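Let me begin by presenting the structure, written as structure tokens, before commenting on it.
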Amino acid sequence: MANADDIALEPPLSRNAGVTPAVEDRSYLGFIAAALAAALGGGFLMAVWMPLAATGTVTGQDRVPWLIQAHGWVQVQGWAGLFVAGMAVRLMPRFAGRPPVRRNVTMPLLVLLAVPVALRMTLQPWADGTLAEATALTIGGLSATGAAGVAAILTWTLARGRKAREPWRYFAWAGTAWWGVLAAMLAAWGWRAARNEGLAPVAWDDVMTWVVLFGPIGNFIWSVQSRSVPIFFGRKTPTWRQAVVPGVAYNAGAALVALSLAFEGETAARLSGSGLLLAGAGMVWLPVIAGSVWGRAKRLRPRAKPAARFVLGANIAAVVAGVLLVWAGAQTALDGEYAEFAARDAARHVVGIGLVTMLILGMARLVAPVFALERTESGVPKLYERAPFWLLLGAVALRGGSALLAEQISYDARMHSAAAAGGMAWVALAVFALSVARAVRKESANKQSLEEQARAAAERRARGQ
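261 is the number that numbering that gives the first Met the number 0 gives to position 262 of the sequence shown; each next residue is one higher, with no gaps.
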């Protein structure tokens with residue numbers, strides 16, 4: 000018997016005037032393609048180029064401050080932001096029992112989000128004078144509009160969806176609110192950068208990076224994980240009571256970090272440090288209850304189980320980053336000045352490469368429709384499925400470790416280690432991108448195979464009756 004809010008599969012398994020037939024939504028592939036293009040053509044490429052430029056090994060030494068900011072924003076706004084926005088717009092309606100968001104909404108949103116990322120990749124690192132000012136204003140305006148669009152779509156979806164008291168819904172609401180905050184901050188970033196040759200103040204840029212990682216990206220990571228990952232590992236999903244304390248600490252910390260932009264000097268440092276401390280404590284706690292840091296993915300098919308390795312690695316990375324943030328945040332809050340740069344730098348890259356990138360690759364293989372048939376196949380996972388995990392693990396260890404050893408090794412050694420880590424991550428993403436392209440190319444054959452499997456199963460059930 001169908002309920003009024005059900006979304007039926009097509010062809011429909013049930014009929015009811017209130018049932019919304021599911022329509023195959025392929026716009027998420029556009030977000031994935033744009034995110035991968037940003038990572039391979041910008042973010043991780045700059046992760047190699049920028050450290051080498053800083054040591055004079057390659058050209059661009061005089062543009063290193065611009066390369067640093069462009070690299071960071073292409074990673075968080077492009078690679079992570081585009082992927083998270085696309086999957087949030089795809090998954091949240093399903094979680095909330097709402098119809099899919101229409102293509103005539105998602106595709107303009109993709110353009111608004113992707114164009115400023117392209118400008119950050121091509122013009123921001125090199126533009127000067129009037130062109131730098133125009134580029135900064137354009138990036139700020141388009142980025143703010145795109146972020147506001149994501150917030151509006153998700154607000155409409157969640158407000159009209161099921162009102163279940165489950166952690167995923169509260170994290171989704173928090174992430175939606177942060178997309179709105181990000182819209183305002185991006186607009187302000189554009190004006191500030193335009194007044195300074197396209198370069199935002201360092202403190203402002205650093206704070207905004209943390210706000211994006213914690214708020215719009217982080218909350219949707221915990222939302223999706225809390226609804227699915229414990230089930231993969233044979234556990235119950237957490238209740239809202241289990242998630243409320245770490246969830247509040249995590250978002251209160253993000254709010255304090257954002258609030259520090261309104262102050263200067265000692266007050267700003269204490270607010271930022273306290274925020275990093277709280278958010279770090281939440282980041283240590285949340286992987287244990289909303290994700291998984293141990294165990295075997297006993298509920299997954301054999302072919303899909305290796306993808307769970309990415310999920311475990313990502314959550315362990317989150318715990319490590321949380322510990323580093325607690326330490327750095329406490330020192331900054333107590334001293335009243337920005338302290339423990341090495342720990343903060345290590346934590347930022349452990350979050351970016353470890354938590355965000357590892358989780359994206361793992362969850363994509365576990366939930367993206369384009370990989371559906373691969374998850375049902377028998378046999379041993381192929382090298383191209385296993386290699387990205389080890390490459391990313393090496394990149395996390397190398398980038399985070401070199402940051403923590405900043406006072407023990409030379410500047411050149413640290414920069415060359417960072418470049419090597421960026422190269423390893425780039426190769427991992429390139430291998431993953433090829434696997435996505437392969438899966439898309441085989442998608443029609445995959446669907447036909449799945450239909451044949453479904454018909455064969457139906458025939459077996461009929462004979463059994």
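Even glycine gets a Cβ: it sits at the ideal position worked out from N, Cα and C. Just so you know, these numbers come straight off a predicted model, no measurement behind them.
| Item | Value |
| --- | --- |
| Using only alpha-carbon positions, find the residue among A419, L403, M423 and S291 that is nearest to F231. | S291 |
| Measuring only the C-alpha atoms, how far is L118 from V180? | 22 Å |
| Roughly how far, in whole angstroms, is the beta-carbon of A424 from the beta-carbon of L390, given that I think they are within contact range, below 8 Å? | 7 Å |
| So, helix, strand or coil for I138, using DSSP? | helix |
| Could you check whether A33 and A113 sit closer than 8 Å to each other, using their CB atoms as the reference points? | yes |
| Residue range of the alpha helix (DSSP H) that P64 falls in? | V63 to W72 |
| For the alpha helix (DSSP H) containing E384, name the first residue and the last one. | L382 to L403 |
| Apart from the five residues on each side of it in sequence, which residues of its chain come closer than 7 Å, Cβ to Cβ, to A402? | A341, D344, A345 and H348 |
| So what's I220 in DSSP terms, helix, strand or just coil? | helix |
| Please report how far the alpha carbon of P144 lies from the alpha carbon of W178, in whole angstroms. | Per the sequence shown, residue 144 should be read as Thr rather than Pro. Between T144 and W178, the C-alpha separation is close to 11 Å. |
| Alpha carbon to alpha carbon, how far is I408 from A248? | 35 Å |
| What residue range does the alpha helix (DSSP H) around R269 cover? | G264 to A289 |
| Who are the Cβ neighbours of Q224 in its own chain at under 6 Å, not counting the five residues just before and after it? | A289 and G290 |
| Is there contact between the stretch 311-327 and the stretch 40-49, where contact requires at least three CB pairs shorter than 8 Å? | no |
| Just checking my contact of G174 with G214 at CB under 8 Å: how many whole Å lie between their CB atoms? | 7 Å |
| Are there 16 or more other CB atoms within 10 angstroms of the CB of R437, so buried, or fewer, so exposed? | exposed |
| Are the Cβ atoms of G272 and G328 separated by less than 8 Å? | yes |
| Report the three-state DSSP secondary structure of P50 (helix, strand or coil). | helix |
| Going by C-alpha distance, which of A163, A95 and P200 is nearest Q68? | P200 |
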